[in-house]
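For the sequence shown, this note's numbering assigns the number 50 to the initial residue and increments by one for each residue that follows.
For every residue, glycine included, the Cβ atom is placed at its ideal position computed from N, Cα and C.
Read the structure below first, then the notes.
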Amino acid sequence: MAKPVKRKRPVLTVTLDAEVIARLREAQRLLPGSSLSGIVSELLQMSLPLVEGMIAALREARRDDGTVDDDRAKDSLARWAGAQLLGLDEDDVARGAVGQAQRFTGKEAK
């Protein structure tokens, strides 16, 4: 009897909405030879910078004892989400409007 083949990567089982699955299957049909797993993996790889930003925002909301401050979490995630919508990085958000002006004009504020 043959030994089972070991997977090279960990497996994650997720439950998705019907609309998401329909879109993934449509993408699979349009990409001959692709697998749903491959498509999902590629999408997640492309979204890693977003996930890392979200993780950083959540870390800011943690207290020293490991619990999460809900208000800090909301503020931190809102700042992160706003930066994503505006195409800004976290440093721009931390610097505020003055930092934005400096970034776009290249001039220091007086």
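Which of the three DSSP states is assigned to residue i in this structure?
{"i": "Arg-72", "result": "helix"}
{"i": "Arg-111", "result": "strand"}
{"i": "Val-89", "result": "helix"}
{"i": "Val-100", "result": "helix"}
{"i": "Lys-57", "result": "coil"}
{"i": "Leu-65", "result": "coil"}
{"i": "Lys-52", "result": "coil"}
{"i": "Ser-84", "result": "coil"}
{"i": "Gly-136", "result": "coil"}
Going by the beta-carbon positions, is the gap between residue i and residue j smaller than 8 Å?
{"i": "Ala-130", "j": "Ala-122", "result": "no"}
{"i": "Ala-106", "j": "Leu-126", "result": "yes"}
{"i": "Asp-119", "j": "Arg-112", "result": "no"}
Give me the DSSP bridge partner(s) of residue i.
{"i": "Val-117", "result": "Arg-111"}
Q) Do three or more CB pairs link the region 77 to 86 to the region 94 to 112 at distances below 8 Å? A) With contact defined as three or more Cβ pairs closer than 8 Å, the region 77 to 86 and the region 94 to 112 are not in contact.
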